[in-house]
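Taking the UniProt record's numbering, the leading residue of the sequence shown gets 1, the next gets one more, and so forth.
Ideal Cβ positions, reconstructed from N, Cα and C, are used throughout, including at glycine.
The structure under discussion appears below in the form of structure tokens.
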Amino acid sequence: MSTRVLTTSWRFKVGLRRASGRKTIHIYPRKINTATTAGIFEPIPREELVTKSKSRLRDRPFLPGSTGGGFPEFLAEPRDSFPLGVRVHNRNQSSLAELTEKCMEYVKENFTRSPAILFRDLPAKTAEDFSIIAQATKEPALPYEGGTAHRSKVDKSAGTYTASNEPDCYSVELHNEMAYNDVFPSKVFFFCIKEPGDDCGGETPLLKNKELLSNMDPEVVRKFEEKQVRYVRYLPDKSHGKYLNWQQVFRTDNRKDAETRAKQQGYSLSWDASGDLHLWQNKPVFLRHP
């Protein structure tokens, strides 16, 4: 049994810094803002967000570092407000698009309290329904050009993709979406079409970056800030490469178009005699989300 998750993201350009980080010890108002959404959303108790079985991390296959000492045995359980879970009550029989508009209002009102919000009981069952949700946000979609993951486009007009085409046995580690590019999403939505069975995987782990940053050695943080980070990528030509090729990454077979798109994302580049593309760029390690 597997799970299929679609994701849509929105364009946000940044020229300077980004806080690659988890949200930590910021104090936010504990009261949920429901000024414009009263009666539609009901908070989900924390115990209802806890999975039926614990997700093992230690000695997990295809998870780097999981066999090392000190690695946590299980994935941490949800906290009181992270993620923030709400149940949607459609008492007025509103359309899915109308409910999505209300959900976006709720996101804007409560985003500082929790950067991750789970909506349950929306009348959405299919990929087509998720396309309606994506378009009803009225936010410009960010094309997945220059991405590093194997993803299939589900709906071009809505900007929805499968979350990952990797084998089910692989573990996708925590990461900031497209943080290696100059253009990255400001929000990402996930939608689960088919819930996996117990112990079948399919989890989407979440992390507050500022908390992660606060747990790092200050000297290591200082060195990162001083030296920055270099991203180096090798993208073979599809004629002989077994891995993600430059045609897939930049969604074109034209070299000039691929070069233009790579440069728009801040990369320097070179081609080798085999038609493979080499990319590199230096970037600040920490950027600040708006």
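_Using a 10 Å radius around the Cβ and a threshold of 16 neighbouring Cβ atoms, would you call T260 buried or exposed?_
One-based indexing of the sequence shown puts residue 260 at position 260. Exposed: under 16 other Cβ atoms inside 10 Å.
_Per DSSP, what are the beta-bridge partners of Q281 in this structure?_
Locating residue 281 in the sequence shown gives position 281, where the first residue counts as 1. Answer by DSSP bridge pairing, in chain order: Y231.
*Confirm, please, whether the CB-CB distance from A163 to F190 is below 8 Å.*
Residue mapping note: residue 190 aligns to position 190 of the sequence shown, counting from 1. Residue mapping note: residue 163 aligns to position 163 of the sequence shown, counting from 1. Closer than 8 Å, so yes.
*Enumerated in chain order, which unbroken segments of the alpha helix (DSSP H) with a length of 4 residues or greater are wholly contained in the stretch 77-137?*
96-110, 127-136
*Tell me whether the beta-carbon of S53 lies closer than 8 Å to the beta-carbon of D168.*
Taking the first residue of the sequence shown as 1, we reach residue 53 at position 53. Taking the first residue of the sequence shown as 1, we reach residue 168 at position 168. For the pair S53 and D168, the CB atoms are not nearer than the 8 Å cut-off.
*Extent of the continuous alpha helix (DSSP H) run through F250*: As a working note, residue 250 is residue 250 in the sequence shown. 246-250 is the extent of the alpha helix (DSSP H) around F250.
*asked:* Taking the alpha carbon of H89 as the reference point, which residue from D121, L75, K256 has its own alpha carbon closest?
replied: Within the sequence shown, residue 89 is the residue found at index 89, counting from 1. Ranking the options by Cα distance to H89, first place goes to D121.
_Within 8 Å, do at least three Cβ pairs link the stretch 100-112 to the stretch 136-145?_
yes
_Do T160 and S131 count as a contact pair if the criterion is CB distance below 8 Å?_
Indexing the sequence shown from 1 puts residue 131 at position 131. Indexing the sequence shown from 1 puts residue 160 at position 160. Against a cut-off of 8 Å, the Cβ pair of T160 and S131 comes out as a contact.
*With S270 as the anchor, note down where its beta strand (DSSP E) starts and where it stops.*
For the purposes of this step, residue 270 is taken as the residue at position 270 of the sequence shown. Start and end: 268-271.
*asked:* Let's test the definition: count the other Cβ atoms within 10 Å of the Cβ of Q264 and tell me whether it reaches 16, buried, or not, exposed.
replied: By 1-based counting over the sequence shown, the position of residue 264 is 264. Counting Cβ neighbours within 10 Å, Q264 comes out exposed, since fewer than 16 surround it.
_chain C within 8 Å of P115, Cβ atoms only_ = Among the chains in the structure shown there is no chain C, since it carries only a single protein chain.
_Proximal residues to V232 (C-beta, below 6 Å), its chain only, five neighbours per side dropped_ = Within the sequence shown, numbered from 1, the residue matching residue 232 stands at position 232. Non-local C-beta neighbours of V232 in its own chain, meaning closer than 6 Å and more than five positions away in sequence, comprise W280, ordered along the chain.
*Three-state secondary structure (DSSP) at S214?*
If you number the sequence shown from 1, residue 214 lands on position 214. Note: S214 maps to helix in three-state DSSP.
*For the 8 Å Cβ check, are there 3 or more pairs between the stretch 78-93 and the stretch 38-50?*
yes
*Sort out for me which residues DSSP pairs residue 291 with in a bridge.*
Look at the range of the chain in this structure, 1 to 290, and you will see that residue 291 is not part of it.
*Please look up how many angstroms separate the CB atoms of K256 and Q247, rounded, as I've assumed it's under 8 Å.*
Here residue 256 corresponds to residue number 256 of the sequence shown, with the count starting at 1. Here residue 247 corresponds to residue number 247 of the sequence shown, with the count starting at 1. Actually they do not touch by this definition, with Cβ atoms about 13 Å apart.
*Might you give, ordered along the chain, the residues of its own chain that have their beta carbon closer than 7 Å to the beta carbon of N165, omitting 5 neighbours on each side?*
Position 165 of the sequence shown, counted from the start, is the residue given in the question as residue 165. Close CB contacts of N165 within its chain, under the 7 Å cut and outside five residues either way in sequence, are with H150, R151, S152 (chain order).
*Please name the residue or residues paired with T160 in a DSSP beta bridge.*
Taking the first residue of the sequence shown as position 1, residue 160 is located at position 160. T160 is bridged to D155.
*Would a C-beta distance cut-off of 8 Å place Q228 and V183 closer than the cut-off?*
Here residue 228 refers to the residue found at position 228 of the sequence shown. Here residue 183 refers to the residue found at position 183 of the sequence shown. Cβ atoms of Q228 and V183: not closer than 8 Å.
*Proximal residues to A158 (C-beta, below 6 Å), its chain only, five neighbours per side dropped*: The count along the sequence shown starts at 1 and reaches residue 158 at position 158. Same-chain partners within the cutoff: S131, A134, Q135.
_Residues bridged to F74 (per DSSP)_ = Here residue 74 refers to the residue found at position 74 of the sequence shown. In the DSSP output, where bridge partners are listed per residue, F74 has R56.
*Look at E145 and R222 and say whether their C-beta atoms are less than 8 Å apart.*
Sequence index remark: in the sequence shown, residue 145 carries index 145 (1-based). Sequence index remark: in the sequence shown, residue 222 carries index 222 (1-based). No; because the gap between Cβ atoms is not below 8 Å, this pair is not in contact.
*Among residues of its own chain, excluding the 5 on either side of E177, which ones have a beta-carbon nearer than 7 Å to its beta-carbon?*
On the sequence shown, residue 177 is found 177 positions in, with the first residue counted as 1. Closer than 7 Å at Cβ, skipping near neighbours: S9, F184, P185, V188.
*Among residues of its own chain, excluding the 5 on either side of P61, which ones have a beta-carbon nearer than 7 Å to its beta-carbon?*
As a working mapping, residue 61 is identified with position 61 in the sequence shown. The beta carbon of P61 sits closer than 7 Å to those of C169, all from its chain and outside the five residues before and after it, given in chain order.
*Per DSSP, what kind of secondary structure is N254 in: helix, strand or coil?*
As a position in the sequence shown, residue 254 is number 254, starting the count at 1. Look at N254 here: in three-state DSSP terms it is coil, with no helix or strand label.
*asked:* Measuring straight from C-alpha to C-alpha, what distance separates S114 and R79?
replied: Start at 1 with the first residue of the sequence shown, and residue 114 comes out as number 114. Start at 1 with the first residue of the sequence shown, and residue 79 comes out as number 79. Rounded to the nearest whole angstrom, the C-alpha separation of S114 and R79 is 11 Å.
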